[in-house]
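Protein chains in written order, with our numbering: chain H, 184 to 471; chain G, 184 to 471.
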């Protein structure tokens, strides 16, 4: 029987922990507070930011969505972030991507200070992931962190395993490769220029796809040993307007030992990671 | 015929370029100046720092070795680095490793400011390598940078190739994996916990060993297709006190298409990279 790596039972367990942590922080005078900067009206961004706010409030944290006009002037945009960086009541700040064209030249990972960068995009936070130092107090990017949590909570062994990651983005592929390496896996980072990618994925114990191509990973990527684990980071829309992953779930679900569903797999884990990072940022304040 | 990837002809060519760049900088009022901090009397460190000084002077740059007592007080050590960080006449500073035990708790990559970190160990410089941004003005770690230069100058194709790197250190393995990925290679980062490492190296076009185990890589790591490139980063001492690499050169030299010698391969390339970084740091000052 293929194990379906659903986020639901893990979310239930971690939510309980987060509620308890949040209560403790509030009892100690800290009310965890996230600000989400949203520029424009990208439909997917509206859905994602609303989910983040809802989950923060569910665990007892505060969350405001700062909705900014698509045309916002650069200087005004930077001023708003600067104010948040200096606001002692705010513990975490994220900038929802994508940004409109006139803000794309910004090095977005450096805008929010390291201490409040609960998305884990700041150079200092990525350095922690690369160097495997101070991981406990710094912030690991939410999707990679969520994937590791999902595998560990599902009792999937990581150490000594071979992992193929498809996609080398700074948001998923690269930090995830570092995390798996830190957990003693042997990682092959694949991308659009990789030749014979199926030969690589067939050799690996764990396959992660994070490229944003609907149903890219099908039975031709899978070995015939029925012992592989497949993690699908894709959030694509198919021709019928439906959400679908990078993985052709129906075609491979009986060929592997475990697989994440879309929706209900990596997506919810990303939001859980964000809340964990927010509470960590709040706890860090406590120890000052 | 196996191609021996010797640094000598490349060094000759690049030294000429560096001399010319250095002359240009001096004509524009900037005399490139490196400070090398050396704590204690580690014999290998004495040799390395002397080589670095000699090469800097050969291209026309200034280089001082700041030789400090093995027992130097922490506060004094930090004060010296702080003074160098603030000294406008100094363009680059490196701290020769290893440091004595009482300084090992320091996050050594953060001591020298990014602008003078010509070793490429600062989080901001490593972030550039990871994100493939601002590589031209930031500093890539010297050994990884030297390996890429050696391969490119030797007309070894990198894009679309599969690369196995053995060793996940922050000085070589991890930044080198990022660099190869940035150059469109597909990298598998191997380490002490990797199972069946020979199966991986046999599949790859380029094998880099950077683990510090004398003669680890022998014919059992090599495919029988005679088309692999082997790069040896090892600087080990064998039972007779002689310098030897991670690779058993004699055993595999006829089984591969190209191989670096030890000495005379990666070692000199590391010093060239340091000098390139120093001149880049000096040029960055010019544009201020």
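C-beta atoms are modelled at their ideal positions from N, C-alpha and C, and glycine is treated no differently.
task = Tell me, to the nearest whole angstrom, how far the beta carbon of residue 416 of chain G is from that of residue 355 of chain G; I am working on the premise that it is less than 8 Å.
result = By 1-based counting over the second chain, the position of residue 416 of chain G is 233. By 1-based counting over the second chain, the position of residue 355 of chain G is 172. Contact holds; Cβ gap of about 6 Å.
ask   = How should residue 418 of chain H be labelled, buried or exposed, when 16 other C-beta atoms within 10 angstroms of its C-beta is the threshold for buried?
value = Numbered from 1 along the first chain, position 235 holds the residue referred to as residue 418 of chain H. By the 10 Å Cβ count, residue 418 of chain H comes out buried.
query = Is residue 347 of chain H buried or exposed, if buried means 16 or more other CB atoms sit within 10 Å of its CB?
reply = The sequence position of residue 347 of chain H within the first chain is 164, counting from 1. Label assigned to residue 347 of chain H: buried.
task = Identify the continuous beta strand (DSSP E) that holds residue 275 of chain G and give its terminal residues.
result = Reading the second chain from its first residue, position 92 is the one you call residue 275 of chain G. Unbroken beta strand (DSSP E) run through residue 275 of chain G: 275-278.
request  = Give a yes or no on whether 8 Å exceeds the smallest Cβ distance from residue 373 of chain G to chain H.
outcome  = Here residue 373 of chain G refers to the residue found at position 190 when the second chain is read from its first residue. Yes, its Cβ sits closer than 8 Å to a Cβ of chain H.
key: Span separating the alpha-carbon of residue 198 of chain H from that of residue 449 of chain H   = Locating residue 198 of chain H in the first chain gives position 15, counting from the first residue. Locating residue 449 of chain H in the first chain gives position 266, counting from the first residue. In a straight line, the C-alpha of residue 198 of chain H is about 16 Å away from that of residue 449 of chain H.
message = Along the segment 331-342 of chain H, where does the CB come closer than 8 Å to a CB of chain G? Name the residues.
response = 342
task = Compare the Cα-Cα distances from residue 223 of chain H to each of H/340, H/232, H/215 and report the closest residue.
result = As a working mapping, residue 223 of chain H is identified with position 40 in the first chain. Minimum Cα distance to residue 223 of chain H is reached at H/232.
task = Over the uninterrupted beta strand (DSSP E) stretch that includes residue 345 of chain G, give me the two end residues.
result = The count along the second chain starts at 1 and reaches residue 345 of chain G at position 162. Its beta strand (DSSP E) spans residues 345-349.
query = Comparing alpha-carbon positions, which option in H/194, H/392, H/332, H/241 lies nearest residue 357 of chain H?
reply = Residue numbering aside, residue 357 of chain H sits at position 174 when the first chain is read from its first letter. Of H/194, H/392, H/332, H/241, the residue nearest in Cα terms is H/392.
message = Rounded to the nearest angstrom, what separates residue 445 of chain G and residue 273 of chain H at their Cα positions?
response = If you number the second chain from 1, residue 445 of chain G lands on position 262. If you number the first chain from 1, residue 273 of chain H lands on position 90. Cα to Cα, the separation comes out at about 55 Å.
query = Do we get a CB-CB distance below 8 Å when we pair residue 313 of chain H with the residues of chain G?
reply = Locating residue 313 of chain H in the first chain gives position 130, where the first residue counts as 1. Yes, its Cβ sits closer than 8 Å to a Cβ of chain G.
Chain G within 8 Å of residue 351 of chain H, Cβ atoms only = Working through the first chain from its first residue, we reach residue 351 of chain H at position 168. So, interface residue.
key: For residue 289 of chain H, the three-state DSSP class (helix, strand or coil)   = Here residue 289 of chain H corresponds to residue number 106 of the first chain, with the count starting at 1. In the structure shown, residue 289 of chain H sits in coil (DSSP, three-state: anything other than H, G, I, E or B).
key: Against chain H: residues of the segment 352-366 of chain G by CB proximity under 8 Å   = 353, 357, 360, 361, 364
ask   = From this set, H/269, H/217, H/238, which residue's C-alpha is nearest residue 247 of chain H's C-alpha?
value = For the purposes of this step, residue 247 of chain H is identified with residue 64 of the first chain, where counting begins at 1. Looking at the Cα atoms, H/217 is the closest of the given residues.
message = Please report whether the beta-carbon of residue 307 of chain H lies at a distance below 8 Å from any beta-carbon of chain G.
response = Within the first chain, numbered from 1, the residue matching residue 307 of chain H stands at position 124. Interface residue, yes.
Exposure of residue 402 of chain G, with buried meaning 16 or more beta-carbon neighbours within 10 Å = In the second chain, the residue the question calls residue 402 of chain G occupies position 219. Exposed, since its Cβ has fewer than 16 Cβ neighbours within 10 Å.
query = How would you label residue 230 of chain H, buried or exposed, when you count the other beta carbons within 10 angstroms and need 16 or more for buried?
reply = By one-based count along the first chain, residue 230 of chain H stands at place 47. Answer is exposed; the Cβ neighbour count stays below 16.
inquiry  = Per the DSSP calculation, residue 248 of chain G is bridged to which residue(s)?
reply    = Looking up residue 248 of chain G in the second chain gives position 65. Note: residue 248 of chain G sits in a beta bridge opposite G/219.
task = Using 10 angstroms around the beta-carbon of residue 308 of chain H, count the other beta-carbons present and answer buried if the total reaches 16, otherwise exposed.
result = Residue numbering aside, residue 308 of chain H sits at position 125 when the first chain is read from its first letter. Classification for residue 308 of chain H: buried.
ask   = What first and last residue would you give for the beta strand (DSSP E) that runs through residue 400 of chain G?
value = Locating residue 400 of chain G in the second chain gives position 217, where the first residue counts as 1. Careful: residue 400 of chain G lies outside any beta strand (DSSP E) and carries neither H nor E.
request  = Assign residue 344 of chain H to one of two classes, buried (16 or more other C-beta atoms within 10 Å of its C-beta) or exposed (fewer than that).
outcome  = As a working mapping, residue 344 of chain H is identified with position 161 in the first chain. Classification for residue 344 of chain H: buried.
key: Cβ neighbour criterion (16 or more within 10 Å) applied to residue 133 of chain H   = Lying before the first or after the last residue shown, residue 133 of chain H is absent from chain H, which here runs from 184 to 471.
key: Cβ shell of residue 454 of chain G (< 7 Å), same chain only, five flanking positions each side left out   = Along the second chain, read from residue 1 onward, the residue named residue 454 of chain G stands at position 271. Counting only Cβ-Cβ distances below 7 Å, and skipping sequence neighbours, we find 234, 235, 238.
ask   = Using the rule of at least 16 other Cβ atoms within 10 Å of the residue's Cβ for burial, across every protein chain shown, is residue 322 of chain G buried or exposed?
value = Against the second chain, residue 322 of chain G aligns to sequence position 139. Buried.
key: Under the three-state DSSP convention, the category residue 441 of chain H falls into   = For the purposes of this step, residue 441 of chain H is taken as the residue at position 258 of the first chain. The answer is strand: DSSP assigns residue 441 of chain H an E or B state.
task = Measure the C-alpha to C-alpha separation of residue 284 of chain H and residue 311 of chain H and round it to an integer number of angstroms.
result = If you number the first chain from 1, residue 284 of chain H lands on position 101. If you number the first chain from 1, residue 311 of chain H lands on position 128. So the two alpha carbons sit approximately 30 Å from each other.
ask   = Would the beta-carbon of residue 325 of chain G fall within 8 Å of that of residue 457 of chain G?
value = Reading the second chain from its first residue, position 142 is the one you call residue 325 of chain G. Reading the second chain from its first residue, position 274 is the one you call residue 457 of chain G. Yes.
ask   = Can you tell which of G/204, G/226, G/280 has the C-alpha that lies nearest to the C-alpha of residue 220 of chain G?
value = Walking along the second chain from the start, residue 220 of chain G turns up at place 37. Ranking the options by Cα distance to residue 220 of chain G, first place goes to G/280.
key: Amino acids of chain G, ordered along the chain, whose beta-carbon sits closer than 7 Å to that of residue 376 of chain H   = By one-based count along the first chain, residue 376 of chain H stands at place 193. Correct list: 342, 343, 367.
inquiry  = At the 8 Å Cβ level, is residue 222 of chain G part of the contact set with chain H, yes or no?
reply    = Indexing the second chain from 1 puts residue 222 of chain G at position 39. No, its Cβ sits nowhere closer than 8 Å to a Cβ of chain H.
key: residue 341 of chain H to residue 377 of chain H span [Cα, whole Å]   = By one-based count along the first chain, residue 341 of chain H stands at place 158. By one-based count along the first chain, residue 377 of chain H stands at place 194. Cα to Cα, residue 341 of chain H sits roughly 24 Å from residue 377 of chain H.
task = Report yes if the CB atom of residue 149 of chain G is closer than 8 Å to the CB atom of residue 470 of chain G, and no otherwise.
result = Examination of residue 149 of chain G is not possible in this model, given that chain G is present from 184 through 471 alone.
key: residue 229 of chain G - DSSP class collapsed to helix/strand/coil   = Residue numbering aside, residue 229 of chain G sits at position 46 when the second chain is read from its first letter. In the structure shown, residue 229 of chain G sits in a helix (DSSP, three-state: H, G or I).
Whole-angstrom distance between residue 189 of chain H and residue 295 of chain G, CA atom to CA atom = Locating residue 295 of chain G in the second chain gives position 112, counting from the first residue. Locating residue 189 of chain H in the first chain gives position 6, counting from the first residue. So the alpha carbons of these two residues sit roughly 46 Å apart.
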